Amino acid sequence: MNVLEQTWKWFADPASWTGAGGIWSRLVEHLGYSGLVLLIAAVIALPVGVLVGHRRSGGNVVVGVAGALRALPTLGLLTLFALWIGLGLTAPVLALVLLAIAPLLTGAYAGVSAVDPVVVDAARAQGLTEWQILTRVELPVAVPVIFGGIRNATLQVIATVTIMAYIDLGGLGRFLIDGLAVRDYSRMVASMILAAALALVLDAVLAGAQKLLSSPGLSKED
Amino acid sequence: MPETAATAIEFAGVTKRYESAVAVEDLDLAIPAGLITTFVGPSGCGKTTSLRMINRMVEATEGTILIQGEDNRDRPAHELRRSMGYVMQQAGLMPHRTVADNIATVPRLKGASRADGRARALELMDTVGLDRKLAKRYPAQLSGGQAQRVGVARALAADSPILLMDEPFSAVDPVVRTDLQNELVRLHEQLERTIVFVTHDIDEAVALGHRIAVFGEGGRIAQFGTPEEILRAPADDFVASFVGRDRGLRRLTFASGQELPMHPLEGGTASGLERPWAPWELLLDDAARPAGWRFGEREVTGGTLFTPGGSLREALDAVLSSPSGWGVAVDDAGRAAGLIASDDVMAAAGRERRSRYGVGE
Ligand SMILES: Nc1ncnc2c1ncn2[C@@H]1O[C@H](COP(=O)(O)OP(=O)(O)OP(=O)(O)O)[C@@H](O)[C@H]1O
Ligand SMILES: [Mg+2]
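Protein chains in written order, with our numbering: chain R, 45 to 266; chain B, 854 to 1214.
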């Protein structure tokens, strides 16, 4: 039996799905970690990106910070934080938040600053206040680009949350670590398939939300 | 058109200084209410800056601007801006909102309901000559001319007595531009707003303005007056060179062509039995509209047409652009109504000149 057949067999076995270490509970853990990380990162990165975009200055700093964050190896950060803060949820969440900030920040900044300055000028000349310009013009027009950042961050976080298992936390990474420990390659393959499937499903959900929130006037067709 | 009007907007000692340059210097100007005042002048002379200081899109460094007697800094900038329409070169419509929602921006800001805003938008679409079918379209689905009309409708929605326009028609092609200019004049007659219109095109300034402010370098007014005054008696060399070599030609814009003798198409009466334009022959289509000229075997497209109510300048152009040298006059329905002789146009121009200076005849 080759690895793929074994993987299939493992998926087909109802016992793999249920119970404390089963697929369902690992999926829920994985989603929970990812959600927490994305939420924290969004609360930090989106307002900063949006405000810098609105002011149309300081863009270089945003691009620089995002670039620097991208260059950090998440596994290295995790190790560093774990040594520093100790095991537990804080260290990996911190490391992953730093990972997620870059795409969220650049998405929000790029989206808002790309709004045609003529449109913003016209809105101001009609008598919109700065807050109204932000909420009624810049954000609605920037939705597609901001969502691009959110989807990007989500994909990266879903893929990288697997490292939580290194420090004995749950999530889909457990199948990878545990499978490696007993040389059960089929379970490692299963782990990757599950993470990829989860990422695809979430991306589809976010794509749907993006479509709902974007005005039809922003699409390039007709 | 009232000749002496109350002042709608008054600049008193207004200066705008940037770090690098003085854009407007010590500007004093009283813009009459209910008329179209055009700001014209070469690039970079402070027209846009002056216009934008009215609604505080640019804050003056010194001096005051009174709007109907009230300092424009007495209320918050956004309220001031809601009280006057603003149209610029690019329409600047919000891409995520429909045409109707774009037009209803200011009414909605002022608290009108969705339904009221929409109803107002549809009315204004009629006013600016936009098909109501476009109401649900998005800006990306409009032509440049349509977008510009939406911009005008949006500015009118403010229901304010003042309309500020910064080169609103310079980004559309010349044919659409003429349409929009004519419509602005019609709108103005209908709505009687005070319009401040910035352009760097002296022809547009003359065609639209009841008053023209000619700006010189550094935001100084070189001359302020009616178009006729400025064309007839430029205040200095700068204004004379700006209004240009075609000054004499432009002046014919103000002279009516109604008195010109009309030669009937079939010849005879006015011009003897012969058709004096022979061997050229005017061609007509099925609806009796002019369709060019024939010379033997050759058919040539015609020139510009002289329409009812046209000026001497239009008559002159009809004559000069016609292959036969005879200008074609049409009626309101576009049917050929008669022909105009170049000698008659020149004679009329001469009479206009003599009556202007009160000598001769
Ligand atoms: N934000 C600014 N900062 C510095 N200088 C400015 C600024 N805005 C305008 N200026 C300068 O002020 C002067 C007047 O500019 P303005 O835009 O009013 O000219 P304009 O008459 O409208 O020209 P145009 O016909 O080209 O539109 C120019 O020399 C311009 O460079
Ligand atoms: Mg300008």
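Glycine residues also receive a C-beta, built at the ideal position from the N, C-alpha and C atoms.
All figures in this text were calculated on a predicted structure; none of them were measured in a lab.
In the three-state reduction of the DSSP assignment, residue 51 (chain R) falls in the helix class.
The Cβ atoms of residue 70 (chain R) and residue 214 (chain R) sit closer than 8 Å to each other.
DSSP, read as helix, strand or coil, puts residue 260 (chain R) in helix.
Put simply, the region 886-903 of chain B does not touch the region 967-978 of chain B. Fewer than three CB pairs are less than 8 Å apart. Per DSSP, the unbroken beta strand (DSSP E) holding residue 1066 (chain B) starts and ends at 1064-1069. Per DSSP, reduced to three states, the secondary structure at residue 1176 (chain B) is coil, with no helix or strand assignment. At a Cβ-Cβ threshold of 8 Å, residue 189 (chain R) and residue 154 (chain R) count as neighbours. Under the Cβ distance rule, residue 1103 (chain B) does not count among the residues neighbouring chain R, no pair being separated by less than 8 Å. If you keep only unbroken alpha helix (DSSP H) runs of at least 4 residues inside the region 924-969 of chain B, you get 930-935, 952-956, 958-962.
Remark: the C-beta of residue 1067 (chain B) is outside contact range of ligand 2, defined as less than 7 Å to any heavy atom.
In this structure residue 1154 (chain B) is exposed. Its beta-carbon is surrounded by fewer than 16 other beta-carbon atoms within 10 angstroms. Residue 910 (chain B) carries a coil assignment under DSSP once its states are collapsed to helix, strand and coil. When C-beta atoms of the region 946-965 of chain B are compared with those of the region 168-178 of chain R, three or more pairs fall below 8 Å, so the two segments count as touching.
Looking from the CA of residue 198 (chain R), the closest CA among R:163, R:123, R:239, R:182 belongs to R:239. Counting along the chain, no beta strand (DSSP E) covers residue 1130 (chain B), and no H or E run does either. When 8 Å is used as the limit between beta carbons, residue 962 (chain B) is near these residues of chain R: 170, 171, 172, 176, in chain order. Annotation: Cβ neighbours of residue 184 (chain R) in chain B (cutoff 7 Å, chain order): 949. Cβ contact annotation for residue 951 (chain B) (same chain, cutoff 7 Å, sequence separation greater than five): 988, 989, 990, 991, in chain order. Between the beta-carbon of residue 1048 (chain B) and that of residue 1016 (chain B) there is about 5 Å, and that keeps the pair under the 8 Å contact cut. For the set R:200, R:49, R:212, R:230, the Cα lying nearest the Cα of residue 79 (chain R) is the one of R:200. When 9 Å is used as the limit between beta carbons, residue 261 (chain R) is near these residues of chain B: 947, 948, 949, 950, 951, 990, 991, 992, 993, 994, in chain order. In this structure, DSSP gives residue 983 (chain B) a state outside helix and strand, which the three-state scheme calls coil. Within the same chain, Cβ atoms closer than 7 Å to the Cβ of residue 1175 (chain B) are found at 1155, 1156, 1181, the five residues on either side in sequence being excluded. Look at residue 163 (chain R): its C-beta is under 8 Å from a C-beta on chain B.
A Cβ-Cβ contact shorter than 8 Å links residue 97 (chain R) with residue 156 (chain R). Under the 8 Å Cβ criterion, the region 868-881 of chain B does not count as touching the region 210-226 of chain R, having fewer than three qualifying pairs.
A distance below 8 Å separates the beta carbons of residue 891 (chain B) and residue 1050 (chain B). At the C-beta level, residue 946 (chain B) and residue 1000 (chain B) come within 8 Å of one another.
In terms of beta-carbon proximity, residue 181 (chain R) lines the interface with chain B, with at least one pair separated by less than 8 Å. Counted as a single uninterrupted DSSP element, the stretch harbouring residue 193 (chain R) is not any beta strand (DSSP E) but the alpha helix (DSSP H) occupying residues 183-204. Classified as exposed, residue 1042 (chain B) has fewer than 16 neighbouring CB atoms from the shown chains inside 10 Å of its CB. Counting along the chain, no beta strand (DSSP E) covers residue 222 (chain R); the unbroken alpha helix (DSSP H) around it starts and ends at 217-225. What residue 1063 (chain B) touches in chain R, judged by beta-carbon distance under 9 Å, is nothing: the nearest beta carbon there is about 24 Å away. Not a single C-beta of chain R is nearer than 8 Å to the C-beta of residue 925 (chain B). Residue 1109 (chain B) has B:1164 as its beta-bridge partners, per DSSP.
Less than 8 Å divides the Cβ of residue 1191 (chain B) from the Cβ of residue 1117 (chain B).
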